[in-house]
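In the numbering used here, the protein residues as written are 360 to 772.
The beta carbon of each residue, even a glycine, is placed where N, CA and C say it ideally should be.
If you're wondering where the values come from, they're calculated on a predicted model, not measured in any experiment.
Okay, structure first, notes after.
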Ligand SMILES: Nc1ncnc2c1ncn2[C@@H]1O[C@H](COP(=O)(O)OP(=O)(O)OP(=O)(O)O)[C@@H](O)[C@H]1O
Ligand SMILES: [Mg+2]
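Next up, the structure:
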């Protein structure tokens, strides 16, 4: 450790030098100056860890000495050397930022070393605290600005880029960005939701209005009436399904979903679903193939909800894959306590940029251009149902090479 002693009295200088030379352990290097100016010159030229300062020097006296030194080198800790009758002055220096004071008469080895070491440590801690406080202030400003932009509905605001360090302040900035991102996503979902509602609800209502208007003009025995009633019924059923799906999503998002678990044979559930959807696949020239679980296929689950998941996945595979495709529904017990179901098609597959958003409500991807009408709720519902069972759902796909939607659920929820 390098110490600078600023002391004009040669006897005192010698005494302190002698004390320091006798200190055991890590060596202390001592530089001396007999005026304040010489001390300041040394501090400009050399790195010093601590200054021992006599306040009464030939070129400066009293508290002024401390003030001038501190102004010249604010980054170096100062220990004031004083005599008994000048304690008041030493205390004033401490009040203004000196790390400590020592009575010259008592400046023996261990006391001096301890004073210097504590001074250096306290000074370092104070510097750290000051830098932290200034960062805290900066982060508060960033957050205040961020929150006021969010309050104005500007969810594109991000602050982590202006933050520094890797501590809780940086984590706070990242947390803010995560929140803004989430709000931005919700706001985009809301916009998608509104456009879906206006588009998807309006179009069947429009058809119903047209058909019922036409029916009004017809006589009761008019042959054209029956097909019109069929159109109205189909469109009304479509509306009902949409409203049901919306309600499902609202319940899911409001955290109100309830499971009604029963003992279920997964192979049987899959067989029913494949049978129910076979004619839909056939109408598109596709085949469904079921590969059941070879081992024990029983589990406890809400079978209606798991049926709904499989129905959605197979429905998507039929809708988005090509004519002539064989869609495979495969179940397996590859991990203890879990059952896995894969629905694999050979359609357009999923682009990397879509993979992360696929399970968000209202998200419709590129394949949907060719897949016709839909709301983008199917996979969102699947995700919520599987999660409610303590399972997980994901997709394995290379663009252009088909998609394999997979989910895993525990045998016991
Ligand atoms: N098997 C698949 N192959 C390729 N893309 C798929 C497949 N399944 C889903 N997708 C993509 O994922 C998107 C979201 O699917 P999701 O089932 O949630 O909604 P949707 O099918 O568009 O509408 P609906 O609410 O009627 O199901 C689809 O729009 C489509 O782009
Ligand atoms: Mg779908």
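Within the present structure, is the beta-carbon of residue i separated from the nearest heavy atom of ligand 1 by less than 7 Å?
{"i": "residue 710", "result": "no"}
{"i": "residue 559", "result": "no"}
{"i": "residue 671", "result": "yes"}
{"i": "residue 666", "result": "no"}
{"i": "residue 704", "result": "yes"}
{"i": "residue 717", "result": "yes"}
{"i": "residue 596", "result": "no"}
{"i": "residue 739", "result": "yes"}
{"i": "residue 724", "result": "yes"}
{"i": "residue 662", "result": "no"}
{"i": "residue 680", "result": "yes"}
{"i": "residue 743", "result": "no"}
{"i": "residue 758", "result": "no"}
{"i": "residue 554", "result": "no"}
{"i": "residue 707", "result": "yes"}
{"i": "residue 751", "result": "no"}
{"i": "residue 727", "result": "yes"}
{"i": "residue 762", "result": "yes"}
Does the distance between the C-beta of residue i and the nearest non-hydrogen atom of ligand 2 fall short of 7 Å?
{"i": "residue 733", "result": "yes"}
Anyone know if the C-beta pair for residue i and residue j falls short of 8 Å?
{"i": "residue 766", "j": "residue 751", "result": "yes"}
{"i": "residue 706", "j": "residue 758", "result": "no"}
{"i": "residue 506", "j": "residue 542", "result": "no"}
{"i": "residue 433", "j": "residue 479", "result": "no"}
{"i": "residue 363", "j": "residue 410", "result": "yes"}
{"i": "residue 677", "j": "residue 703", "result": "no"}
{"i": "residue 402", "j": "residue 367", "result": "no"}
{"i": "residue 697", "j": "residue 769", "result": "yes"}
{"i": "residue 428", "j": "residue 412", "result": "yes"}
{"i": "residue 640", "j": "residue 647", "result": "yes"}
{"i": "residue 470", "j": "residue 439", "result": "no"}
{"i": "residue 389", "j": "residue 424", "result": "no"}
{"i": "residue 361", "j": "residue 400", "result": "no"}
{"i": "residue 651", "j": "residue 682", "result": "no"}
{"i": "residue 656", "j": "residue 701", "result": "no"}
{"i": "residue 539", "j": "residue 516", "result": "yes"}
{"i": "residue 731", "j": "residue 713", "result": "no"}
{"i": "residue 679", "j": "residue 726", "result": "yes"}
{"i": "residue 379", "j": "residue 387", "result": "yes"}
{"i": "residue 502", "j": "residue 521", "result": "no"}
{"i": "residue 634", "j": "residue 740", "result": "no"}
{"i": "residue 494", "j": "residue 524", "result": "yes"}
Looking only at its chain, what residues have a beta carbon closer than 6 Å to the beta carbon of residue i, apart from the 5 residues adjacent to it on each side?
{"i": "residue 548", "result": "721"}
{"i": "residue 717", "result": "738"}
{"i": "residue 611", "result": "743"}
{"i": "residue 372", "result": "366, 391"}
{"i": "residue 715", "result": "none"}
{"i": "residue 661", "result": "618, 619, 620"}
{"i": "residue 771", "result": "659"}
{"i": "residue 393", "result": "367"}
{"i": "residue 474", "result": "438, 459, 461"}
{"i": "residue 382", "result": "468, 472"}
Among residues of its own chain, excluding the 5 on either side of residue i, which ones have a beta-carbon nearer than 7 Å to its beta-carbon?
{"i": "residue 384", "result": "none"}
{"i": "residue 559", "result": "601, 734"}
{"i": "residue 566", "result": "590, 594"}
{"i": "residue 599", "result": "none"}
Please list, in chain order, all residues of the same chain as residue i whose beta carbon is under 8 Å from its beta carbon, the five residues on each side excluded.
{"i": "residue 464", "result": "442, 443"}
{"i": "residue 450", "result": "460"}
{"i": "residue 519", "result": "529, 532, 533, 535, 536"}
{"i": "residue 574", "result": "584, 587, 588, 591"}
{"i": "residue 632", "result": "666, 669, 670, 673, 688"}
{"i": "residue 577", "result": "583, 584, 587"}
{"i": "residue 572", "result": "none"}
{"i": "residue 693", "result": "699"}
{"i": "residue 748", "result": "618, 660, 661, 664, 665, 768, 769, 772"}
Exercise. What is the chain-ordered set of residues for which the beta carbon lies under 5 Å from any non-hydrogen atom of ligand 2?
Worked result: Applying a distance threshold of 5 Å between residue Cβ atoms and the heavy atoms of ligand 2 selects 675, 737, given in chain order.
Exercise. Unbroken alpha helix (DSSP H) runs of length 4 or more, entirely within the region 523-610: which are they?
Worked result: Taken in chain order, the complete alpha helix (DSSP H) segments of 4 or more residues contained in the region 523-610 are 527-555, 561-576.
For this session: For the region 401-485, list the beta strand (DSSP E) runs that are entirely contained and at least 3 residues long, ordered along the chain.
Result: The qualifying runs are 409-413, 437-441, 459-462.
For this session: Please list the segments of the beta strand (DSSP E) lying wholly inside the region 640-710, counting only runs of 3 or more residues, in order along the chain.
Result: Those beta strand (DSSP E) runs which fall completely within the region 640-710 and span 3+ residues are 646-650, 657-660, 685-691, 697-703.
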